[in-house]
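Before any comments, here is the structure.
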Amino acid sequence: MKNKNLLFVTIMALFGTVRANAQEGFGTNSPAPSSVIDMTATNKGALLPRVALTSTIAAAPVTAPADALTVFNTATAGVAPNDVTPGYYYWSTAGSQWIRLLNQNDAVSLEPWQIQAGTAKAGTNAQSIYQTGSVAVGDFSGAASTKKMEVKGTFKSEVADGNITYGTEMDHPILPAQSILNYRIDNSTGDYKMMAVHPFASVMQAKTSTTESTMAVNDVQSEMSSRLVTGAIETARSTVRTASSGNFFMETYNVTNDYGSTISLQNDGLRLVHSTTDAPTTFLSENDRSEIMVQKAEGVRFDFKDAVGVSKGQYWFPVTSGTAGQVMTQSVGNKIVWTTPSGFALANNGLTKNATTNEIELGGTLNRTTVITTRNGATDHPFRFSGNGNTVSVSNAGTEGRITATGTGRGSIAVTGGNSIVDIYADNNAVGQIASRGTGSTGLIVRTETATPLSFQTANSERMRISGAGTVGIGIISPATNTRLHIVKDAADLTPAIIVGCNTYADNAAAVTAGLPVGGLYRKADGTLMVRY
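Residue numbers 0 to 532, in numbering that gives the first Met the number 0, belong to the letters of the sequence shown in order.
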């Protein structure tokens, strides 16, 4: 009995010590001050109570479990998702359920990533993985992403293949300032191809050390261009541009070959322009450009300038259709107008065919050299100017060229030099004449330019000749050279030679006194013809 009481006292003393110290050490005499129980061992462990749970939402077989009560479940029981398997569980009063403490296998089973080409859960970083959820990188505290993958901020994706780099990057050095760039770069040459979205434009571009081709779109226009660059200098460019205003341009220039051209559709019309150029700053300058313009109000205009800017021609084509038989000609204001042939001839010094007489008519004043060729042949084919019954014609017949002037009363040809005029007349039923007139006329000379004879004929027979030496022959074509006047009569010709108009003097002395020159003829009172000596 004493022994039993001693045991009871000892046990009570032990529990009294526990209550007093609020600590208990197992395997140590110095439990940690911050612990309730401190178990220390090198080859043993703590064994918690083992129970057979039936479900995570059923407390049994434990009655009224305390919050955080921990047990080791030995059973496999229940129906998913509330089933239990062997392992440690603790009771959650807030959730009224047992919550399993995860082991390594449990962590793998809860892994959201799966191994590709199957549904097995991923367990290592070296595996190729996937998941069916979405990934968001950046600050999405305000709203969830609706994309499978979304990044707020700059990013880069790049792969290298030898000297070639392919990639997608936000804010790339080729096109910085918040641009998105898809690119291919040859790191050995610096050549690249890229597509980009920039704050100012969307761009697609291919560039080498000497060439650059670009397609760009901004808020007000789109452009496609190719250019040639020598060093840092642009030497050639071809561009197609469309503007939101409705204007359209096709432009090209080449500094080396010194030309620039453009086709543009603007609010004032369609223009085709070509010019010389030596740099982009003088491209299509006004000084040396030639242009064809189609304008909705004025029609079609042609303007040509040479390389130094001198205008060689400018005119507007008509805006209406002509009628049958009309032709186009230039009027005042550089306008091309439709004109009937007769009006064209009178207004522009041209030739036209008279519909009634079938003759060619000329009007106005010729302002340039005009060559008119008639049909060649053996017969006479003249070019005639006719009116009021009078005709002036230029003709050829065989080897003969002829100018004729035919009038109903007189035909004449006048040659004028300043105030001097020489006329050749042919009067109707009257004599023909060669006359010198005009206030500047000082006489009429009939001459030859060389030592050739000058002859006079009647009835197609020569009657008198002045030789090249100056001798005069009458009735002879070769007058003697030792005489000034050589007269020959046929022996059968009994017609006397009559000299009238000689002055009468008593003798030679009287003729000398009167001033008659030596060799002059005079008559004596009896009619004798004498020669003054």
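Note that CB positions come from ideal geometry on N, CA and C, so glycine has one too.
For residue i, list the residues DSSP reports as bridge partners.
{"i": "serine 178", "result": "Paired residues: none, contrary to the question."}
{"i": "alanine 413", "result": "Asp422"}
{"i": "leucine 484", "result": "Val471"}
{"i": "asparagine 389", "result": "Gly386"}
{"i": "isoleucine 291", "result": "Leu271 and Phe301"}
{"i": "leucine 227", "result": "Thr210 and Ala235"}
{"i": "leucine 528", "result": "Arg522"}
{"i": "phenylalanine 248", "result": "Arg240 and Ser263"}
{"i": "alanine 404", "result": "Val391"}
{"i": "alanine 135", "result": "Glu149"}
{"i": "glycine 165", "result": "Glycine is not the amino acid found at residue 165; the sequence shown has tyrosine there. Answer is Val158 and Arg183."}
{"i": "glutamine 325", "result": "Answer is none; glutamine 325 lacks a bridge partner."}
{"i": "glycine 24", "result": "Asp37"}
{"i": "serine 320", "result": "DSSP lists no partner for serine 320."}
{"i": "glutamate 222", "result": "Ala215 and Arg240"}
{"i": "threonine 461", "result": "In the sequence as displayed, the identity of residue 461 is glutamate instead of threonine. DSSP lists Gln456 as partners of glutamate 461."}
{"i": "isoleucine 128", "result": "Ile114"}
{"i": "asparagine 427", "result": "None; asparagine 427 has no bridge partner."}
{"i": "threonine 503", "result": "Arg522"}
Need the endpoints of the beta strand (DSSP E) that residue i sits in, please.
{"i": "threonine 213", "result": "210–216"}
{"i": "asparagine 72", "result": "69–72"}
{"i": "alanine 549", "result": "For residue 549 there is no data in the structure shown, the boundaries of the chain being 0 and 532."}
{"i": "valine 471", "result": "471–473"}
{"i": "valine 202", "result": "201–206"}
{"i": "glycine 312", "result": "310–315"}
{"i": "serine 435", "result": "431–436"}
{"i": "phenylalanine 154", "result": "It is not in any beta strand (DSSP E) - phenylalanine 154 carries neither H nor E in the DSSP assignment."}
{"i": "glutamine 338", "result": "Looking at the sequence shown, residue 338 is not glutamine but threonine. Where threonine 338 is concerned, the enclosing beta strand (DSSP E) stretches over 335–338."}
{"i": "leucine 515", "result": "From DSSP, leucine 515 is part of no beta strand (DSSP E); its letter is neither H nor E."}
Count the other C-beta atoms from every protein chain shown that fall within 10 angstroms of the C-beta of residue i, then say buried if there are 16 or more, exposed otherwise.
{"i": "threonine 470", "result": "buried"}
{"i": "alanine 479", "result": "exposed"}
{"i": "tyrosine 521", "result": "buried"}
{"i": "tyrosine 252", "result": "buried"}
{"i": "proline 60", "result": "exposed"}
{"i": "phenylalanine 7", "result": "For phenylalanine 7, the pLDDT reaches just 40, beneath the cut-off of 50, and the residue's location in the model is therefore unreliable, leaving the point undetermined."}
{"i": "glycine 259", "result": "buried"}
{"i": "glycine 526", "result": "exposed"}
{"i": "leucine 47", "result": "exposed"}
{"i": "leucine 528", "result": "exposed"}
{"i": "isoleucine 402", "result": "exposed"}
{"i": "methionine 292", "result": "buried"}
{"i": "glycine 500", "result": "exposed"}
{"i": "glutamate 448", "result": "exposed"}
{"i": "methionine 148", "result": "exposed"}
{"i": "tryptophan 112", "result": "exposed"}
{"i": "proline 64", "result": "buried"}
{"i": "serine 460", "result": "exposed"}
{"i": "tyrosine 182", "result": "buried"}
{"i": "tyrosine 532", "result": "exposed"}
{"i": "alanine 510", "result": "buried"}
{"i": "arginine 383", "result": "exposed"}
{"i": "methionine 193", "result": "buried"}
{"i": "asparagine 72", "result": "buried"}
{"i": "valine 70", "result": "buried"}
{"i": "alanine 434", "result": "exposed"}
{"i": "valine 136", "result": "exposed"}
{"i": "alanine 513", "result": "exposed"}
{"i": "serine 454", "result": "exposed"}
{"i": "glutamate 157", "result": "exposed"}
{"i": "isoleucine 444", "result": "exposed"}
Could you give the first and the last residue of the continuous alpha helix (DSSP H) run that contains residue i?
{"i": "asparagine 507", "result": "507–512"}
At a cut-off of 6 Å, would you count residue i as near the ligand HEM, judging by its Cβ distance to the nearest heavy atom?
{"i": "proline 198", "result": "This structure simply doesn't include the ligand HEM, nor any ligand for that matter."}
Please check if any C-beta of chain E sits within less than 7 Å of the C-beta of residue i.
{"i": "proline 32", "result": "This model lacks chain E altogether, as it is built from one protein chain only."}
Point to revise | the region 111–125 contacting the region 82–91, beta-carbon criterion three pairs below 8 Å | key: no
Exercise for review: Determine, using beta-carbon pairs with one atom in the region 72–80 and one in the region 31–40, whether at least three such pairs fall under 8 Å.
Suggested key: no
Practice item. Kindly provide the ranges of any beta strand (DSSP E) runs that are 3 or more residues long and lie completely inside the region 36–123, ordered along the chain. Key: Listed in chain order, they are 36–38, 69–72, 86–91 and 96–99.
Check your understanding: Do the region 91–104 and the region 126–136 touch if we need at least three Cβ pairs shorter than 8 Å?
Key -> no
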